[in-house]
Each structure stands twice: as structure tokens, then as C-alpha cells.
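All remarks here apply to the structure that follows.
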Amino acid sequence: MTTTGEDHATARGGPGWWTRWRSAVLDTGLAAGSAVECGAEGVRFAHDAGIPAAVGVVFGVLAGSALIVRRKWPIAVVLVSIAITPAQMGYLMGIVGLYTLAASELPRRIIGSLAGMSFLGMLIVMFVRVRQDMQRGTWELGDWFVPFASISIAVGMTAPPVLLGMYVGARRRLMESLRERADSLERELQLLAERAEERAEWARGEERTRIAREMHDVVAHRVSLMVVHAAALQAVARKDPEKAVKNAALVGDMGRQALTELREMLGVLRSGDGRDARERAAAVPLVAVGVAAAAAASRAVDDEGAGAVPGDGPCLSDVDELLGQSAAAGMAVDLSVEGETRSYAAEIEQTAYRVVQEALTNVHKHAAGAKTHVRLAHRVSEIAMQVENEPPPELASASAARLPSGGNGLVGMRERVLALGGVFVSGPTDAGGFRVSAVIPAA
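Going left to right, the sequence shown walks through residues 314 to 756 as the working numbering numbers them.
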């Protein structure tokens with residue numbers, strides 16, 4: 314049940330069965346008035362019945378006092394009023410009792426039956442009383458006046474309180490229904506607000522994950538190659554200055570490319586890319602590290618006199634350059650392409666590029682010097698890629714630069730591929746190497 318006005322009144326409390334003190338005071342006043350009326354009419358009743366007047370007064374007061382329970386037992390009050398109607402008393406109790414009965418939640422057949430009984434009793438009593446008054450000479454009218462007066466008084470004593478009570482009861486039920494609808498609407502709005510907050514939180518989490526994945530893909534591969542070249546540079550700096558200069562140039566190129574991709578990603582965040590401001594605000598803490606890294610790389614590049622111009626995201630046509638960078642770092646890598654080369658949606662090409670890039674990064678980290686095979690297959694409705702490396706040479710494995718690994722590379726690749734409805738599989742091979750395979754729908 315929803316909280317209604319009566320429930321609010323109950324919360325405030327009242328004496329006995331009353332919900333409010335005001336109701337208790339009103340019923341007490343009505344019961345007192347009814348008791349006085351019935352007590353006064355009890356004198357004539359005692360005279361007509363031939364009993365002591367005190368007995369009639371006490372009987373009237375007790376009968377009239379029954380009105381105090383009208384809210385709890387309206388049927389009992391109406392029955393008492395009908396019972397004392399032949400004694401020509403309890404008119405106030407009858408009117409108030411019928412109103413309370415009609416305004417209650419009782420079935421209409423019960424209300425109609427009691428109202429009919431009250432009307433019939435009042436009609437008989439009024440008929441007898443008016444006839445007696447005419448016989449005494451109080452009124453000198455025709456015989457038509459007796460039924461007319463008795464019917465008019467009976468209708469006037471029963472119909473108005475019943476109709477008013479039915480109107481008040483209907484209005485009360487309508488207000489309660491409206492209040493329940495308002496409470497239901499409030500709960501629905503609260504539920505929608507909670508769901509909207511959950512969706513916003515989910516969107517912020519997805520944005521954080523996306524930014525973390527982009528940061529990982531941009532930084533991990535380039536920095537891994539830079540570390541490999543830096544290690545080679547350190548090894549040949551004195552023995553082969555020409556090769557050292559070449560490695561230093563490669564390190565600079567890797568830094569510029571990493572900086573370019575970082576600037577592109579941060580530029581997308583600043584422009585919005587159609588995303589909600591709250592989602593971008595939630596991503597700020599994760600981008601802070603990238604901003605600092607970009608600033609540091611920018612200073613390093615500016616010191617070398619070179620700049621970076623933002624461009625579009627990576628695509629499949631950049632795979633050759635990606636393999637060339639890995640080959641320059643000392644990896645034996647070959648590429649095989651099946652099917653007719655064609656263009657795909659930007660997100661598909663970028664995902665395919667990132668899968669190959671991350672797989673090569675893992676080879677640099679965990680299997681330095683191992684021969685690697687990259688295969689691309691352009692099919693009718695999908696594009697497939699596979700990066701498989703052979704077991705690394707023991708000597709190269711022992712002398713490889715120690716690169717940190719966060720363990721998020723495979724997770725990020727899987728998330729990218731599954732987000733496009735593709736299939737991702739990774740694991741060691743029987744020969745002791747490692748294989749990464751992915752299939753992405755072309756549509």
C-alpha cells in the first residue's frame with residue numbers, strides 16, 4: 314500500500330480507533346448532541362409508554378450516545394437509529410449514521426438495504442405522527458397531506474445524508490487513488506533515476522576501460538621497441554657508431570609516432586567525439602598519466618627539432634610499417650596475405666591493426682629474437698588475422714631486455730574483438746611458441 318492521507322493521520326495518532334484528535338472531538342460532540350436530543354425525546358416516550366420519565370431519559374441518553382462509535386461500527390449506529398425510530402427519537406443519529414455508512418467502504422447492497430430500512434421506518438413513524446397531529450386538530454388540511462408529508466420527511470431525512478456520504482466516499486477514494494498513482498509514479502521515477510545512474514556509471518566504466526586500452530596499445534608497442542633499440546644502442550655505441558646512430562634515429566621515430574597517437578587520442582577526448590561530458594570527466598584521472606607522458610615526449614621531440622602532426626587512426630595499410638619497425642628492432646617477421654585486399658570500417662581496421670600490434674609487442678616482451686609469422690585473410694564476410702611466433706633462441710632470450718608486463722594485452726585484444734562480434738583465441742603452440750588468432754565480421 315502507498316502512503317495515503319489517512320495513513321499520515323494514523324502516523325500522527327489519535328485516541329482509541331480515531332486517526333486524529335479532531336475526529337475524536339467531532340464524534341464526541343455529535344454523540345453528546347445526539348444524547349441530549351434522545352434524552353429530551355425520551356420524556357415524551359416515557360409519557361406515552363407509561364413509564365417513569367427518568368427511565369425514558371436514561372434510555373434516550375444511552376441510545377443517543379451510540380453515535381460515538383459511528384466510524385468504527387457504522388452499521389450498528391444505523392441499526393440503533395432504526396430501532397429507536399418508533400419511539401420518535403434519534404433523528405440526528407439517523408442522519409449522521411446514514412452519512413457515515415454511505416461514505417464507508419462497505420458494499421453498496423448493504424448501504425442500500427440499511428438506507429431502505431431507515432426510509433421505511435421513518436415513513437411509518439412520520440405517517441403515524443402526522444395523522445395523530447391532524448386528528449388532534451393541530452393541522453387542518455386534507456387527507457392528501459398525510460402521505461405527502463410523511464414521504465417528504467422520510468425522503469428528506471434519508472436521501473440527502475446517503476447521497477452526500479456517497480459523494481464524499483467516492484471523492485475520498487478518488488483522492489486516495491490519485492495519491493497512490495502519484496506515489497507509484499514517484500517510485501517509478503526514482504527507479505528510472507537509479508537505472509540512469511547505473512547506466513551512467515556503466516558508461517563511465519566503459520570509457521575508462523576504452524581509454525586504458527588505447528593508452529596501453531599506444532604506449533606499450535612503441536615504448537617496447539624504444540627499449541629494444543635503446544638496449545641495442547647501448548651495446549653497439551662504441552663498437553659500431555654508424556649502427557648506433559641508426560638505432561638512435563629509430564628510437565626518435567618511435568617516440569614521435571607514440572606522441573602522435575597520444576595527441577590524436579587526447580584530441581578526441583577534448584573534442585568530445587559525441588560522448589557525454591560526464592563520461593569524459595570520469596576519464597580525466599586515467600588520461601592524466603597519458604597527458605604527462607605526452608608532455609614529456611613532446612619536450613623530448615621538440616628538443617630534437619621535430620614535430621608531430623595528428624592524423625587518422627591506424628589501419629591495415631599500416632601493418633607493413635609496423636612489421637618493418639619490428640624487423641628493425643631485430644625480429645625476424647614475415648607477412649602473408651590471403652584474399653583480395655579491400656577497405657573496411659575504421660573501427661574494424663583499427664581493431665585488426667591493434668591485435669597485430671599487441672601480438673608483436675608480446676613477442677618483443679616474452680620471446681625476443683623468435684621468428685614470427687603474421688597472416689591476414691580477407692574473406693567474403695570477415696577478416697582473419699593470426700600472429701604466431703616460434704620458440705625464442707636461448708641466447709636471445711637470455712640477453713633480451715627486461716620489459717614490464719601488466720598482463721592486460723590479451724584482455725584488451727579480446728575486448729576489442731568481442732565488441733565487434735568477432736572471435737578471439739590465444740594460447741601456446743605445440744612447438745613451444747605462442748599464437749594469437751582473431752576473426753572480425755566485415756559488416
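The beta-carbon is built from N, C-alpha and C at its ideal position, and this holds for glycine as well.
In its chain, beyond the 5 residues on either side, A344, A348 have a beta carbon closer than 6 Å to the beta carbon of S378. Collapsing the DSSP output to three states places G745 in coil. In the DSSP assignment, H691 is bridged to I696.
Non-local beta-carbon contacts of A641 in its own chain, meaning distances under 7 Å to residues more than five positions away in sequence, involve L563 in chain order. According to the DSSP secondary-structure assignment, S739 is paired through a beta bridge with V749.
For Q699, the closest of M726, I437, V693 by C-alpha to C-alpha distance is M726.
Rounded to whole angstroms, the separation of the alpha carbons of F737 and T674 is 17 Å.
For T332, the three-state secondary structure derived from DSSP is coil. Taking 4 residues as the minimum length, the alpha helix (DSSP H) runs contained wholly in the segment 401-430 are 404-416, in order along the chain. In the structure shown, the three-state DSSP call for D456 is coil.
For the 8 Å CB-CB criterion, R384 and V409 do not form a contact. Shown here, D631 sits in a helix according to DSSP, grouped into three states.
L636 is not a Cβ neighbour of E662, given a cutoff of 8 Å. Per DSSP, L733 is not a residue of any alpha helix (DSSP H), being assigned neither H nor E. For H691 and D633, the gap between their C-alpha atoms comes out near 16 Å. Excluding the 5 residues flanking it on each side, S394 has same chain C-beta neighbours closer than 6 Å at G403, M406, G407, G410, in chain order. Taking a contact as a CB-CB distance under 8 Å, the pair A415 and V475 counts as one, their CB atoms being some 5 Å apart. According to the DSSP assignment, V676 belongs to no beta strand (DSSP E) but to the alpha helix (DSSP H) extending over 659-679. Within the DSSP bridge table, the entry for P754 names E695 as partners.
Its Cα nearest to that of A672, the residue R748 stands out among L731, R748, T332. As a beta-bridge residue in DSSP terms, L648 pairs with V687. Three or more Cβ pairs closer than 8 Å define a contact, and the segment 431-445 meets that threshold against the segment 454-466.
Pairing L572 with A756, the inter-Cα distance amounts to about 31 Å. As computed with DSSP, E701 is found in a beta bridge with H686, R748. Considering only L380, Q638, P627, the residue with the shortest C-alpha distance to E527 is P627.
By a beta-carbon distance limit of 8 Å, K684 contacts A645. Their separation comes to about 4 Å. The three-state reading of DSSP puts R486 in helix, counting H, G and I together. Taking 8 Å as the cut-off, the Cβ atoms of V730 and A697 do not count as close. A Cβ-Cβ distance of about 5 Å is found for the pair V370 and G352, placing them in contact under the 8 Å criterion. Comparing alpha carbon positions, the residue from V338, E703, T413 closest to H679 is E703. Look at S656 here: in three-state DSSP terms it is coil, with no helix or strand label. Note on Q670: 16 or more other CB atoms within 10 angstroms of its CB, so buried under the neighbour-count rule. Linking G734 to P754 through their CA atoms gives a straight-line distance of about 7 Å. S378: not part of any alpha helix (DSSP H); DSSP gives it neither H nor E. One thing to note: G482 has its Cβ within 8 Å of the Cβ of S417.
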